[in-house]
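One structure is given here, and the rest of the page talks about it.
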Amino acid sequence: MKASDKKRKATEQRTEVQGWNRASQAVFLGEKLTTQAAFLRTLGNINTNSLRSFMNLKRGAGSGASNVVYRKAYVFFEKKRILEGKKKTKKRQDHEAKQGSKGFSLRHDSGMRWVFVGKGF
């Protein structure tokens, strides 16, 4: 088995999701190596509205973690990093240590609630 095949196989066994930098996605798409449509198909037929919504979310720890793009893009960029033989950055290692082994929660609670008032409620 070739070394690149071993790396690829190792990436397919990873299931946990840590935080990642949304800027990685913007830079990747900015390099014009692929079209946005091809990138979204690679991630698993994600629609452009989901991508736009994800990229426009407020910045900050865990923002966007509940969006489908978050998990799929994380897996894509983690595989890319491993196949390129790059090490994790110090900043990323610090974030992973702070978040724990499971990373950010993949659910988001904005704190907003529906409140019904009036007769019959």
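Quick note on our numbering: the sequence shown kicks off at 7 and runs consecutively. We put the CB at the ideal spot given by N, CA and C, even for glycine.
At the C-beta level, Gln105 and Met61 stay beyond 9 Å of one another. Leu57 sits away from Val33, with the two beta carbons spaced by 9 Å or more.
With a threshold of 16 other beta carbon atoms within 10 Å, Gly70 meets it and is buried. Residue environment: Asn55 is assigned as exposed (fewer than 16 neighbouring CB atoms within 10 Å of its CB, all protein chains considered). Secondary structure note for Val81: its alpha helix (DSSP H) is the uninterrupted segment 74-89. Here Val33 carries a helix assignment [DSSP, helix/strand/coil]. Counting along the chain, the unbroken alpha helix (DSSP H) around Ala103 starts and ends at 96-105.
Judged by DSSP in its simplified three-state form, Phe122 adopts coil rather than helix or strand. In this structure, the CA atom of Ile88 is about 15 Å from the CA atom of Gln99. Counted as a single uninterrupted DSSP element, the alpha helix (DSSP H) harbouring Gly50 occupies residues 42-50.
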